[in-house]
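Q: Residues 369 to 625 (the working numbering) make up the sequence shown, in order.
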Amino acid sequence: MIDCRNMTFSPENAQQRLKRAAQIFGRPVLMRILGFALVTFLGAKRSATASLLGLPFESLRTTLRVVLRDGLEAFEDRRRRAKSVLLPAPTPMVTKASIREEDRSLVVDFGVHGLCMKIPLDNSIQKRTILLSMLNSGLLSAEEVAHGLELSTAHVRSIAKALEESDVHVLLDKRRGQARDYRMTSEAKALLIQQFAAHAVTGRPISSVVLGRELNPRLATSLSERTIRLYIEKLGLSLIAKSLPDLVQLLKKNSSR
């Protein structure tokens, strides 16, 4: 118990300080705090404390019990909406990350004041590392990551677990390169170049979505949008997309002379 017998008390100071405290906490809350301190810390009798502070005995007894169970909030009158002892807990800012393709990049939008990260579509390890890390952190769903990486949801969950348990090296493809492109055959490459050139010259879209829609019915195998984008870059087709129409017009002009 705290022994206050040798301490000096000032009634004048007490009145001034009680008045200021009552303005901040409100008199009912202040009386509950004093009652709790006298009974709990100084060992005062509950009945005498209730009489001294002008509190109903049952009210003081309830306050003592509930404060020890619930903490500071118990000093409040819970029927009131406004709280004077504790500030309301800040409302957590709920943000939702998302991903999308834009300008040959995969854009990770964090949902906070336009905060975004752009990852080149061809940077496969970088894409996997960032998206799988966001999946492991709960910022993206497995379905969103699977769509962004063009993988199955089950495979995404598997490699996300491997990344969490190990490190980025688990995302590296340790297989030796293939001796030939089994899916992207010479015929497929030729048709891709032909289709790309025809679209570029006539001003039609040259996106992987549009090219795939027209290429796949002509091929024995189906090419994904990712594969088409990859070979557009490998073959350097994107470098001639703007200059090809001008070159064709120049050749036509010269041939008519």
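Built from N, CA and C at the ideal position, the CB exists for glycine as well.
Looking at C-beta atoms only, is the number of pairs between the segment 398-413 and the segment 421-436 that lie closer than 8 Å three or more?
A: yes
Q: Nearest-angstrom Cα distance between I370 and F409?
A: Locating residue 370 in the sequence shown gives position 2, counting from the first residue. Locating residue 409 in the sequence shown gives position 41, counting from the first residue. Near 7 Å, if we compare the C-alpha coordinates of F409 and I370.
Q: What would DSSP say about M485, mapped onto helix, strand or coil?
A: Position 117 of the sequence shown, counted from the first residue, corresponds to residue 485. Correct three-state label for M485: strand.
Q: Using a threshold of 8 Å, state whether the C-beta atoms of L499 and A510 are closer than that.
A: In the sequence shown, residue 499 corresponds to position 131, counting from 1. In the sequence shown, residue 510 corresponds to position 142, counting from 1. No. Outside cutoff.
Q: Using a Cβ-Cβ cut-off of 8 Å (strictly less than) and excluding sequence neighbours within five positions of L432, which residues of its own chain qualify?
A: Indexing the sequence shown from 1 puts residue 432 at position 64. Excluding positions up to five away in sequence, the list reads G403, F404, V407, T408, R414.
Q: Taking three-plus beta-carbon pairs below 8 Å as touching, is the segment 557-574 in contact with the segment 518-537?
A: no
Q: Using only CA atoms, which one of L483, A588, L489 lies nearest to G516?
A: By one-based count along the sequence shown, residue 516 stands at place 148. It is L489 whose Cα lies nearest to the Cα of G516.
Q: Taking the C-alpha atoms as reference points, what is the distance between T589 and H481?
A: For the purposes of this step, residue 589 is taken as residue 221 along the sequence shown, with counting starting at 1. For the purposes of this step, residue 481 is taken as residue 113 along the sequence shown, with counting starting at 1. Spanning the two alpha carbons is a distance of roughly 43 Å.
Q: Using DSSP with H/G/I as helix, E/B as strand and the rest coil, what is L598?
A: In the sequence shown, counting from the first residue as 1, residue 598 sits at position 230. Of the three classes helix, strand and coil, the one that applies to L598 here is helix, per DSSP.
Q: As a quick exercise: from I467, D471, G479, pick the residue whose alpha carbon is nearest that of R496.
A: Within the sequence shown, numbered from 1, the residue matching residue 496 stands at position 128. Among I467, D471, G479, the Cα nearest to that of R496 belongs to I467.
Q: So who's on the other strand from V476, going by DSSP bridges?
A: Here residue 476 corresponds to residue number 108 of the sequence shown, with the count starting at 1. Paired residues: I467, M485.
Q: Check for me: the alpha helix (DSSP H) holding R400 runs from which residue to which?
A: Counting from 1 along the sequence shown, the entry for residue 400 is found at position 32. Counting along the chain, the alpha helix (DSSP H) containing R400 begins and ends at 395-404.
Q: For A566, is the classification buried or exposed, using 16 other Cβ atoms within 10 angstroms of its Cβ as the cut-off for buried?
A: Counting from 1 along the sequence shown, the entry for residue 566 is found at position 198. Exposed, because fewer than 16 other Cβ atoms sit within 10 Å of the Cβ of A566.
Q: Using a Cβ-Cβ cut-off of 6 Å (strictly less than) and excluding sequence neighbours within five positions of L605, which residues of its own chain qualify?
A: Counted from its first residue, the sequence shown places residue 605 at position 237. These residues qualify, in order along the chain: F564.
Q: Can you tell which of V577, D614, Q383 has its C-alpha closest to the C-alpha of S596?
A: For the purposes of this step, residue 596 is taken as the residue at position 228 of the sequence shown. For clarity, residue 596 is Ile in the given sequence; the question names Ser instead. The candidate whose alpha carbon is nearest that of I596 is V577.
Q: Can you tell me whether F377 is helix, strand or coil according to DSSP?
A: In the sequence shown, counting from the first residue as 1, residue 377 sits at position 9. It is coil, neither helix nor strand.
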